[in-house]
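K.L.:
Sharing a structure here in structure tokens format.
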Amino acid sequence: HVTSIPCNDSDDSQTLLQFKDGSQITTSLLIGADGLNSKVRNYVTNPTSQQPQTETQEEYVPAYTGVTCLMGCANVPRIRGICFPTSATTKCHACYYPTRAPREGTNDDPDDYEQVFQIYFPSPIERPDTWRTLTPQEAKEECRDLAKKLRKDGWDEEFLKPLEHPTLTGVLRVGLRSREGLESWHVGGSGNNRTSGEVELEVNATKKNVGRAVLLGDAAHPPVPYIGQGAMMAMEDAGTLSMILGHYCPIVNQDGNDEESTDTPAVPDFAQFTKAMSVYESLRVSRTKTILGSSVQLGKTQQKRAESKLYNAWREMSIKAQVWAYGTLPVMRPGAAFDYQALVEEALLTDEEGCDEEDVEMM
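Residue numbers (the working numbering): 20 to 382.
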């Protein structure tokens with residue numbers, strides 16, 4: 020467990036990590052994929068801090084959104100694809116989606132089905148003491164009571180089956196937290212990592228003289244879960260980053276020779292690390308903002324449906340029209356219909372062509 024990532028005075032080409040057990044290691048590149056409460060993000064936003072934390076320099080804690088989610092799963096057949104029911108009485112809204120179904124032509128075994136539910140409740144008072152995985156008995160009682168309330172509210176029985184099913188499992192109650200995405204996801208090169216929601220800290224202008232680190236996934240752009248694209252964005256980040264580092268920071272022997280040799284160990288060549296990060300961020304920052312911004316808007320829309328019968332009626336008609344026209348909600352398409360590999364290859368080709376043009380001009 021990493022407790023801190025202090026500035027490494029002895030060698031600015033190495034990033035220093037300190038662990039809970041008192042041990043420490045250094046690395047030539049730290050990749051922060053450590054989620055919403057990322058320690059690496061705190062380092063990226065303030066890499067030169069060597070003083071004890073003050074009230075204005077404390078580690079950033081993600082803000083509570085005012086929403087609590089009850090989620091779990093059960094072996095029940097899917098209703099259809101993804102569903103977004105709302106409740107005008109309990110003021111909650113939900114998302115149901117299948118995660119397993121039998122293959123076509125096989126026997127219809129109930130255990131071959133699995134459906135996940137996520138039910139969101141406005142809860143202005145933050146209660147982290149209640150956010151945890153429920154015991155089987157607690158889950159059974161809470162989901163059964165909730166099903167009774169939703170039944171009175173007129174919810175279709177198909178949405179209540181997972182809550183009352185004997186295979187109910189993995190029930191978790193958690194408060195949703197969020198923090199703004201960063202404009203720059205790395206240090207060891209130039210960039211401004213400040214966001215409007217974070218304290219502006221005085222750091223060196225270029226951040227070049229610090230150990231290298233780069234973020235991906237929730238550490239860089241933590242999502243709210245309404246559109247279900249958080250894991251997808253992280254996988255796109257990882258794939259993009261690996262291709263870009265492979266291109267700009269190839270593995271070479273310590274003598275600078277990229278040919279195979281058993282005499283010297285192979286290490287990455289970070290001479291073009293800043294360039295690599297520029298390309299990485301140009302491809303990923305705007306995309307993640309667009310996709311995860313849509314998630315925020317979908318959550319607000321769902322809550323508005325739960326609070327206004329008139330708006331809900333209009334929204335129902337809008338959803339039906341969109342599904343009829345596009346086969347799904349258009350807001351769901353950009354997350355799934357995307358080829359990050361093709362985009363990276365195009366960016367690298369464009370960069371190479373630009374370099375060739377510069378070489379010609381210099382001749």
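For every residue, glycine included, the Cβ atom is placed at its ideal position computed from N, Cα and C.
Please name the residue in Asn-272, Pro-121, Gln-291 and Pro-96 whose C-alpha comes closest to that of Leu-264.
P.N.:
Ranking Asn-272, Pro-121, Gln-291 and Pro-96 by Cα distance to Leu-264 puts Gln-291 first.
K.L.:
Count the other CB atoms, across all protein chains shown, that sit within 10 Å of the CB of Gln-316; report buried if there are 16 or more and exposed otherwise.
P.N.:
Classification of Gln-316: exposed, given that the 10 Å Cβ count is below 16.
K.L.:
By DSSP, does Gln-37 sit in helix, in strand, or in coil?
P.N.:
If DSSP states are grouped into helix, strand and coil, Gln-37 belongs with the strands.
K.L.:
Distance check for Cys-26 and Asp-288, CA to CA, integer angstroms please.
P.N.:
Asp-288 and Cys-26: Cα-Cα distance of roughly 22 Å.
K.L.:
Below 8 Å on the Cβ atoms is my guess for Glu-161 versus Leu-153; work out the distance and round it to an integer in Å.
P.N.:
Glu-161 to Leu-153, Cβ: 7 Å. Contact.
K.L.:
Since I believe Gln-134 is in contact with Cys-88 (beta carbons under 8 Å), could you give me their beta-carbon distance rounded to a whole number of angstroms?
P.N.:
About 16 Å separates the two Cβ atoms, so there is no contact after all.
K.L.:
So, with DSSP's three-state summary, where would you put Arg-170?
P.N.:
It is helical.
K.L.:
Mind checking Met-252: buried by the 16 CB within 10 Å criterion, or exposed?
P.N.:
Classification of Met-252: buried, given that the 10 Å Cβ count is 16 or more.
K.L.:
What is the rounded straight-line gap between the Cα of Glu-326 and the Cα of Cys-111?
P.N.:
Spanning the two alpha carbons is a distance of roughly 8 Å.
K.L.:
Taking Ile-98 as the reference, which of Tyr-132, Thr-84 and Glu-300 has the closest Cα?
P.N.:
Ranking the options by Cα distance to Ile-98, first place goes to Tyr-132.
K.L.:
Just to confirm the assignment: which complete alpha helix (DSSP H) runs, minimum length 4, are found wholly within the stretch 75 to 159?
P.N.:
None, since the stretch 75 to 159 contains no complete alpha helix (DSSP H) of that length.
K.L.:
Tell me which same chain residues have a C-beta within less than 7 Å of the C-beta of Gly-85, skipping the five on either side of it?
P.N.:
The residues are Pro-141, Ser-142 and Pro-143.
K.L.:
Is the separation between the beta-carbon of Ala-232 and that of Leu-55 shorter than 8 Å?
P.N.:
No, the Cβ-Cβ distance between Ala-232 and Leu-55 is not below 8 Å.
K.L.:
Start and end of the beta strand (DSSP E) containing Gly-189?
P.N.:
188 to 197 is the extent of the beta strand (DSSP E) around Gly-189.
K.L.:
May I ask you to verify whether the stretch 321 to 337 touches the stretch 98 to 109, counting CB pairs closer than 8 Å and requiring at least 3?
P.N.:
With a cut-off of 8 Å, the stretch 98 to 109 and the stretch 321 to 337 count as touching, because enough Cβ pairs lie within range.
K.L.:
Would a C-beta distance cut-off of 8 Å place Gly-51 and Leu-234 closer than the cut-off?
P.N.:
Yes, the Cβ-Cβ distance between Gly-51 and Leu-234 is below 8 Å.
K.L.:
How about the stretch 178 to 196 and the stretch 35 to 44: do they share at least three Cβ pairs that are nearer than 8 Å?
P.N.:
Output reads no: the stretch 35 to 44 does not touch the stretch 178 to 196.
K.L.:
Going along the chain, which residues of its own chain have a beta-carbon closer than 7 Å to the beta-carbon of Asn-211, five neighbours each way excluded?
P.N.:
Confidence at Asn-211 is low in this model, with a pLDDT of 40, below 50, so its placement is unreliable and the value that follows should be read with caution. Within the same chain, Asn-211 has close Cβ partners Glu-202 and Ser-203.
K.L.:
Whole angstroms are fine: how far does the CA of Gln-322 sit from the CA of Thr-309?
P.N.:
Distance between the alpha carbons of Thr-309 and Gln-322 is about 20 Å.
K.L.:
Compute the Euclidean distance between the alpha carbons of Gly-230 and Lys-167, then round it to the nearest angstrom.
P.N.:
Between Gly-230 and Lys-167, the C-alpha separation is close to 56 Å.
K.L.:
Rounded to a whole number of angstroms, what is the C-alpha to C-alpha distance between Val-95 and Arg-60?
P.N.:
If I take the Cα positions, the gap works out to 40 Å.
K.L.:
Starting from Pro-25, follow the beta strand (DSSP E) in both directions and report where the run begins and ends.
P.N.:
Counting along the chain, Pro-25 falls outside any beta strand (DSSP E), and DSSP gives it neither H nor E.
K.L.:
Leaving out five residues before and five after Tyr-345 in sequence, what residues of the same chain have Cβ atoms less than 8 Å from its Cβ?
P.N.:
The answer, listed in chain order, is Arg-352.
K.L.:
Can you tell which of Thr-67, Ala-113, Gly-100 and Gln-33 has the C-alpha that lies nearest to the C-alpha of Gly-91?
P.N.:
Per the Cα distances, Ala-113.
K.L.:
Could you have a look at Thr-45 and say whether DSSP puts it in helix, strand or coil?
P.N.:
DSSP places Thr-45 in strand when its eight states are reduced to three.
K.L.:
Relative to the C-alpha of Cys-268, which candidate in Thr-293, His-20 and Tyr-62 has its C-alpha closest?
P.N.:
Considering only alpha carbons, the answer is Thr-293.
K.L.:
Assign Ala-232 to one of three DSSP states: helix, strand, or coil.
P.N.:
Residue state, collapsed to three classes: strand.
K.L.:
For Leu-35, is the classification buried or exposed, using 16 other Cβ atoms within 10 angstroms of its Cβ as the cut-off for buried?
P.N.:
Leu-35 comes out buried.
K.L.:
In three-state terms, what does DSSP make of Val-298?
P.N.:
Helix, per DSSP.
K.L.:
Just to confirm my understanding: we take Ala-295, look at its own chain, exclude 5 residues before and 5 after, and list those with CB closer than 8 Å. What are they?
P.N.:
Cβ neighbours of Ala-295 beyond the five flanking positions: Ile-263, Leu-264, His-266, Tyr-267 and Cys-268.
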